[in-house]
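Residue numbers (the numbering used here), protein chains in the order written: chain A, 1 to 312; chain B, 1001 to 1391; chain C, 2001 to 2301.
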Amino acid sequence: MIGRRAPEEPSGHITNAHSASETVGPTLANIVVTGCLYTLIAIGLTMVYGMLRVLHIVHAGVFAVGAAVGLLIFTTAPVGFWPSLLGAMLAAGVMGVAIYYVGYRWVLDAPRGTPLLVSIGLFITVQSLLEKEFLIGPHVEGFDAATGLPAFTLGGFAFTPIQTAIVVSTAVVCAAVWLLLNRSRLGLSWRALSEDMNMARSLGVPTERAVAINMFLGSAMAGLAGVLVAVYENAVSAHMGEVVAYKAFVVVVLGGLGSIWGAAVAAFILAAFEIGISTTFGGLFPRDAIGFAVLILILLFMPTGLFGKRLD
Amino acid sequence: MNRKFHRRTVIAGFGLAAMSALVLAGPAQAEDAIKIGFFSPQTGFASADGTAALHGAQLAVQFLNEDGGVMGKKLALVNYDDSSKPDQAANVAQKMTQGDKVVAGVSGSYSFLTRPAAAIFQRARVPLMTAYAVHPQITATGKYVFRTGVPSQVEGAAAAWTVGKLMGVKKAALITMDNDAGAALADGFKKTAGDFGVEVVTEEKYSLKDKDLRPILNRIKGMNVDVIYANGFYAQAARLVNQRQELGITTPVLGMEGFDSPKFFELSKPGAAEGVMITTALDRGSANPVVQRFLKEYKAQFGLSADMVAASSFDAVAVLAEAIKRANSTDPDAIVMALHGIKKMEAVTTGPFHGFTKGGDVIKPVVVQQAKGNDWVHHAVIDNPEIMNLH
Amino acid sequence: MDAYLISVLTFIGIWIILAMSLNLLVGYAGQVSIGHAAFFGIGAYTVAVATVNLGLGFPLDILLAALVSGALGGVLGLPALRVRHDFLVLATIGINFIVVAVFQYTPALGGAYGIVGIPPVTIGGIEFLGLYMLLLVYAFVLAILALKALLLRTWFGVRLIAVREDEDAAAAIGISVASTKIWAFVLSCAGAGIAGALYARQLGSVFPENFGFVESVTVLTMVVLGGAGTLVGPIIGAIILGGLPEYLRFIQDWRYVIYGLMLTFLMIFERDGLMGPESRLRAWLGRGWRTLAADRGSGKP
């Protein structure tokens, strides 16, 4: 039956129908914003994963460090939100490069579990350091920054200024990554490295530099996401990466490991399912479990994700 | 390749050597003091509560020693971190009871960590005072296990009373964290709601990891309730009121002692916390000199205003020391007897204290406070026996 | 013996069983899982229900735990037939989250309250606490180690390794890849169930929080650090990672900083794990052992 109409509402339920439409707008806006945040976190991870094929858990640590540095700059220097954001991205990027040179560089040709463990070790270290009083400390700190962007309403979607900043940043990042990948020499060498690192190296692609730049940019995006989440939730904590550590992977895997557009689409699908199900059914089941149930179901039908190639 | 292999060795070797250099020097132990064991999660995801609890307990020991100690001796806190791992809680419980031979223990930990440790304290016949782990079954471990925090069934009932009698409204929506503390509070609320003319319209659960409470709030928005009864710690509490404000929901919020932290206001956006009511045990405006000394010294030493967790741990140490004083003995059975003998007192604790039930749970009034201008303001005291004695 | 040391060693014994069971899946069958804590939890919850609600005693409760964990492992391992590599890793993480959610939201399993009051193992009127429990746990360690060594010498062991090395080639020589994988899941999860059973008995209570993602990561770390696919590797890994947090207690709240750094640098130093095939530590120990053996040989008249 095509174009089936919803059954007529009995007249007695007008108030319910009204209140339902009142919540649809915020719910959709929430899906958009959450999808954007998932995209931002996952794009950086996809870049790193696509090239190094490392289960890069410490990406979540970089995310938390980004938030911490952003807050540090924001509270100590009178520069405002955007320069703090930039500083956080820079610090996160440098941290990413350091992770490569101290950790991954030595274990890339080792068995698959080895870089994963290096990553886990670094993540534990970063989180434990952030717990120290001279960094974030054990408590949650506030990060109430004004972005200077306007709030706006678009066809039932009402966005607060920080939500605007999230949506705009995601659009800018996606466009920049697309340009970089498809319209630059760097993008070309990345694609070559992602296909086959040894082959690319023997063809004269400057491996080290390309990997370092990739780590820098991917990690800077984690830092960007960290600051945006921190301001959005008005909360910075040493353990804010804990959920990101696995949630970002769900997005990357769902999108088909290494596919940047796949990750973006997967981010919105995941956000829609999670929020849709918990809005409709309430807290019957924890949100993470819902997300993973969706992931497993999709993987059963599409074992290499939504847009994945076979990896062998 | 060989050179690279060599450099890898150098990097790893350097790292490992630096670490072994750090692995030196141990802590010194005070001798001939009355040892009180203490454990809480000071590293890991619960380190905020674990650290606050430790600071509260340390302050109690400091005060007691400044005031002349116990039985002519100093008190010493033997502190361990359980890192939110039950096996570590069990290990340190063995260490405290068998190795350090502590006179009594204090748990500044959550229920899933306290319960395994409590079993060990009970078997070793060493009294354990639980600060804020609210699982109903903790004190049921045995006669050596006590609790100074208000039991959840009491606090939940006090909340239901607050909704029905104090606020005088009917329809409540519950937002419950999906751990034992949340479940126990919600159960306490639901069990007594009918008696106070309150109807529970819905109960929405959330996970502590979940930053986004908007789906739940959106559901509640469409239900026309009079009040939201929510539980959680300060970070979740601030998140809740912020997102409530963002979604334009004006339904009043009643929270619980987990909200009772200065951090709640720090993390709330301007105006979002205003008017929120909570049930708690700490009365910041109290004329009791202990309360004022505790709040002032805590802020001075740790640079942060005390929260409910810190106050509970402070009380746990203070009550134990009081029992040791009254028993004039460090014998475990004498301490247990003295604990049961304590009736009304507020000379050493951060709130009025009406003694313990047979099961070892505290009997004390619940305070209702309201957020006004980024501070908690005294609103009411619930000390009617039918609520206080619900155990 | 010091009660604290007994407690630490007992838990290390439990981690050894857990790591050995995961090693069968990761090291021998080549199916990487970061969801093993789920089956550890299923074993623990089975014992909790069996003892507290059904009144079963030792060894029936542990047997039941192994059966339930193994059976559920076989069922939840089914995605592994279709999903490979890092996709499988994520699917196992997902299974972990879903299983913990079931613990947390099922009233019959105590929900958020968990299950408390699990009695210690009692045999012939003797309560197995402290030293007795330690011996019982290590009896299980030895039994499982022996079983595993035997299993790897059978045709099944050959099938496992063939699947790990190359699934397509294994299928080409007539090995049923599907049944090999499922049996690897069943046996591995049954082992985790036994570890969980002992854990529940030792702690006396189970809570959903005990079996999360972090625990799964820790077990996998034990296996890989020690050396996946070796008999002694997981044992070494479990001893190091189980003992380190306790050993480092004297540096108080710095211990997890050091723990993380040591893990990182040990893995850079020994990329196959401490006992892996190319391990320098193993070569060094082997040299020492050969020297020792040679001395003993030459000492004889």
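Glycine included, every Cβ here is placed at the ideal spot set by N, Cα and C.
- With fewer than 16 other beta carbons inside 10 angstroms of its own, C:Ala-2172 counts as exposed.
- Inclusion of C:Phe-2039 and C:Leu-2072 in the CB contact set at 9 Å is warranted, their separation being smaller than that value.
- Not flagged as an interface residue toward chain A: C:Thr-2291, since no C-beta distance is shorter than 9 Å.
- If you check the CB distance, A:Leu-129 and C:Val-2257 come in under 9 Å.
- Taken through DSSP and simplified to helix, strand or coil, A:Arg-185 comes out as helix.
- In the DSSP secondary-structure assignment, B:Leu-1075 is bridged to B:Ile-1034.
- Contact with chain B is absent for C:Leu-2131, since none of that chain's Cβ atoms lies less than 9 Å from the residue's Cβ.
- Taking CB atoms only, B:Gly-1232 has no neighbour in chain A less than 9 Å away.
- Identification of chain C residues near A:Ala-293 by a Cβ-Cβ cut-off of 8 Å yields Gly-2094, Ile-2098, ordered along the chain.
- Neighbourhood of C:Asn-2210 in chain B, by CB distance below 8 Å: Pro-1086, Phe-1112, in chain order.
- Within its own chain, the residues whose Cβ lies closer than 7 Å to the Cβ of A:Ala-266, once the five positions on either side in sequence are excluded, are Val-251, Leu-254, Gly-255, Leu-306, listed in chain order.
- For C:Ala-2283, no chain A residue has a C-beta closer than 8 Å to its own C-beta; the minimum C-beta separation is roughly 17 Å.
- No Cβ-Cβ contact shorter than 9 Å links B:Ala-1124 with B:Val-1092.
- DSSP places C:Glu-2278 in no beta strand (DSSP E); its state is neither H nor E.
- Here the alpha carbons of B:Leu-1054 and A:Glu-195 stand approximately 53 Å from one another.
- Rounded to the nearest whole angstrom, the CA to CA distance from C:Val-2083 to C:Val-2032 is 11 Å.
- C:Ile-2042 is positioned such that its CB atom lies no closer than 9 Å to that of C:Ser-2216.
- Put simply, the region 1224-1233 of chain B touches the region 1174-1194 of chain B. At least three CB pairs are less than 8 Å apart.
- The count of Cβ pairs closer than 8 Å, one atom from the region 2011-2027 of chain C and one from the region 2181-2191 of chain C, reaches three, so the stretches are in contact.
- Under the Cβ distance rule, C:Val-2075 does not count among the residues neighbouring chain B, no pair being separated by less than 9 Å.
- B:Ala-1281 sits close to B:Ala-1311, with the two beta carbons spaced by under 9 Å.
- For B:Gly-1222, the closest Cβ of chain A is nearer than 9 Å.
- For C:Pro-2079, at least one C-beta of chain A is nearer than 9 Å to its own C-beta.
- The beta carbon of A:Leu-284 falls within 9 Å of a beta carbon belonging to chain C, placing the residue at that interface.
- Sequence-distant Cβ neighbours of B:Glu-1204 in its own chain, meaning closer than 8 Å and more than five residues away, are Ala-1173, Leu-1174, Ile-1175, Thr-1176, Ile-1216, Arg-1219, Ile-1220.
- B:Tyr-1080 carries a strand assignment under DSSP once its states are collapsed to helix, strand and coil.
- In the three-state scheme derived from DSSP, where H, G and I count as helix and E and B as strand, B:Asp-1260 is classed as coil.
- Shortest Cα-Cα distance from B:Thr-1330 to any of B:Gly-1072, B:Trp-1161, B:Ala-1133, B:Phe-1314 involves B:Gly-1072.
- Within the region 2094-2167 of chain C, the complete alpha helix (DSSP H) segments at least 4 residues long are 2130-2153, 2155-2165, listed from N- to C-terminus.
- A Cβ-Cβ distance of about 23 Å is found for the pair B:Glu-1155 and B:Glu-1274, leaving them out of contact under the 8 Å criterion.
- By the rule that beta-carbons nearer than 9 Å mark a contact, C:Asp-2061 does not touch chain A.
- Of the candidates C:Asp-2002, C:Met-2001, C:Ala-2003, C:Phe-2011, C:Phe-2011 places its Cα closest to the Cα of C:Leu-2244.
- Between B:Gly-1108 and B:Pro-1127, the CB-CB gap reaches or exceeds 9 Å.
- Scanning A:Ser-237, A:Leu-37, A:Leu-28, A:Val-102 for the CA closest to the CA of A:Ala-171 turns up A:Leu-37.
- Here B:Thr-1130 is bridged, per DSSP, to B:Ser-1107, B:Arg-1147.
- Within 10 angstroms of the beta-carbon of B:Ser-1111 lie 16 or more other beta-carbons, which makes it buried.
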